[in-house]
Amino acid sequence: MCIYPPTRCLKLVFSCVDRTVDLKTSNCDQRKLLNEILQILNKALEDVKDILEKVKALAKSKKAIKEELSRFQEDLENMTKEELQSLDSMELEEQIKFQESIAVVGSWDVDFCIKVDDDIHEDVALEV
Numbered sequence: 022m023c024i025y026p027p028t029r030c031l032k033l034v035f036s037c038v039d040r041t042v043d044l045k046t047s048n049c050d051q052r053k054l055l056n057e058i059l060q061i062l063n064k065a066l067e068d069v070k071d072i073l074e075k076v077k078a079l080a081k082s083k084k085a086i087k088e089e090l091s092r093f094q095e096d097l098e099n100m101t102k103e104e105l106q107s108l109d110s111m112e113l114e115e116q117i118k119f120q121e122s123i124a125v126v127g128s129w130d131v132d133f134c135i136k137v138d139d140d141i142h143e144d145v146a147l148e149v
């Protein structure tokens, strides 16, 4: 199985053959050709190993996330109405604090130039 696109695989094989075949005499150094092919296969094997490690890490991460979500869902299901209401009020307080922190304290007029189709418009104001 080639993990590279087919055209890349063909280029690798042909470049390998080019380096081992004497075009004038059509002689082929079989040992050199086999070494070249072996190097290509070893590189592909390393790439496959790297991909497998990444897939394993991703699967492990996905499993941990699912476990955390299950615990969270179980905790939510076990909450009483009072706890849920308390959670709702805490969320509302956080929203209010956030809105207060981003409240607009004023506005400014900023003059700048704008270029539209080679025409420069200088008296443009932007209210922030």
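Every number in the numbering used here is 21 more than the matching position in the sequence shown, counting from 1. All residues carry an ideal CB built from backbone N, CA and C; glycine is no exception.
Close-in-space but distant-in-sequence residues of the same chain around residue i (CB under 7 Å, 5 per side omitted)
i    : result
V125 : Note on V125: pLDDT 49, under 50, position unreliable in the model; the coordinate value appears next. Same-chain partners within the cutoff: there are none.
L62  : none
D93  : Note on residue identity: the sequence assigns Phe, not Asp, to residue 93. Hits under 7 Å: none found.
Residue of the options minimising C-alpha distance to residue i
i   : options              : result
K53 : L113, M111, F93, S36 : S36
Enumerate, from N- to C-terminal direction, the unbroken alpha helix (DSSP H) stretches of 4 or more residues contained entirely within the stretch 37–110.
51–99
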